[in-house]
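Q:
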Amino acid sequence: MVSEKIAKLINEQIAHEQYAAQYYLSMSAWFSGKDLDGIANYFRVQSKEELMHADKMFDYLNDVGGEIIIGEIAKPPHEFENAVDIFEKALEHEKKVTKSIFNIVKNANEEGDFATTSFLQWFINEQVEEEASASQYVTKIKMVCDNPSALYLFDQELAQRVFTPDTTA
Numbered sequence: 142m143v144s145e146k147i148a149k150l151i152n153e154q155i156a157h158e159q160y161a162a163q164y165y166l167s168m169s170a171w172f173s174g175k176d177l178d179g180i181a182n183y184f185r186v187q188s189k190e191e192l193m194h195a196d197k198m199f200d201y202l203n204d205v206g207g208e209i210i211i212g213e214i215a216k217p218p219h220e221f222e223n224a225v226d227i228f229e230k231a232l233e234h235e236k237k238v239t240k241s242i243f244n245i246v247k248n249a250n251e252e253g254d255f256a257t258t259s260f261l262q263w264f265i266n267e268q269v270e271e272e273a274s275a276s277q278y279v280t281k282i283k284m285v286c287d288n289p290s291a292l293y294l295f296d297q298e299l300a301q302r303v304f305t306p307d308t309t310a
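In terms of my numbering, the sequence shown opens at residue 142 and continues consecutively.
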């Protein structure tokens, strides 16, 4: 059985993941409004991934006998300066999520909760990928945002992304 403290942290993380899904959906809407449907697709897929992360944590907490308490989810911003601003905010957000997951791991380690530590290893690996990808896209959007042809190609690249549910965690 998981401790109340770890259950509380996981419940908070579930809310963070659900907020992230809404935040990325808001970013997707911004790009849709600019007819950049490929980039909008990228953020829609990000949104779906965040919901999947929340579901995994929900299921884990249920499996280890923790009380699941659905927290309030703040309204995400919907106004952004430009495409670079959005990608920078996405990277910043991924860093916050990483820090939050690390905090749960730290607390689980202090309690000797090896099951939670093991479970969260998947999320640690995922965050390494998410931060690397977000950082790469910040670099790319800065290179292409003032070049319509390059922006078109970038948009086409991100249109190829599809949501694939992960069943390994």
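Think of the CB as a built atom: it goes at the ideal place given N, C-alpha and C, for glycine as much as any other residue. As the structure is a computational prediction, the values presented were derived from the model and not from experiment.
If we ignore side chains and look at the alpha-carbon of each, how far apart do residue 296 and residue 275 end up?
A: Position 155 of the sequence shown holds residue 296. Position 134 of the sequence shown holds residue 275. So the alpha carbons of these two residues sit roughly 15 Å apart.
Q: Could you check which residue in 263, 281, 159 has the C-alpha nearest to that of residue 215?
A: The residue you call residue 215 lines up with position 74 of the sequence shown. Looking at the Cα atoms, 159 is the closest of the given residues.
Q: Is DSSP giving residue 198 helix, strand or coil here?
A: In the sequence shown, the residue the question calls residue 198 occupies position 57. Residue state, collapsed to three classes: helix.
Q: Considering only the beta carbon of each residue, do residue 198 and residue 307 sit closer than 8 Å?
A: As a first step, residue 198 is located in the sequence shown; it is residue number 57 there, counting from the start. As a first step, residue 307 is located in the sequence shown; it is residue number 166 there, counting from the start. No, these two residues do not count as a Cβ contact at 8 Å.
Q: Using the three-state DSSP reduction, which class does residue 203 fall into: helix, strand or coil?
A: Working through the sequence shown from its first residue, we reach residue 203 at position 62. Helix, per DSSP.
Q: What residue does the alpha helix (DSSP H) around residue 264 start on, and which one ends it?
A: As a first step, residue 264 is located in the sequence shown; it is residue number 123 there, counting from the start. Start and end: 255 to 285.
Q: Would you grab the beta carbon distance between residue 179 and residue 271 for me? Rounded to a whole angstrom, and I think it's under 8 Å.
A: Sequence index remark: in the sequence shown, residue 179 carries index 38 (1-based). Sequence index remark: in the sequence shown, residue 271 carries index 130 (1-based). No, residue 179 and residue 271 are not in contact; Cβ-Cβ is about 19 Å, not under 8 Å.
Q: Could you give the distance in angstroms between the alpha-carbon of residue 202 and the alpha-carbon of residue 210?
A: Here residue 202 refers to the residue found at position 61 when the sequence shown is read from its first residue. Here residue 210 refers to the residue found at position 69 when the sequence shown is read from its first residue. Between residue 202 and residue 210, the C-alpha separation is close to 10 Å.
Q: What does the Cβ neighbour count give for residue 280, buried or exposed, with the cut at 16 atoms within 10 Å?
A: As a working mapping, residue 280 is identified with position 139 in the sequence shown. Classification for residue 280: exposed.
Q: So residue 306 is in the alpha helix (DSSP H); what residue range does that whole segment cover?
A: For this step, residue 306 is matched to residue 165 along the sequence shown. Where residue 306 is concerned, there is no enclosing alpha helix (DSSP H), given that its DSSP letter is neither H nor E.
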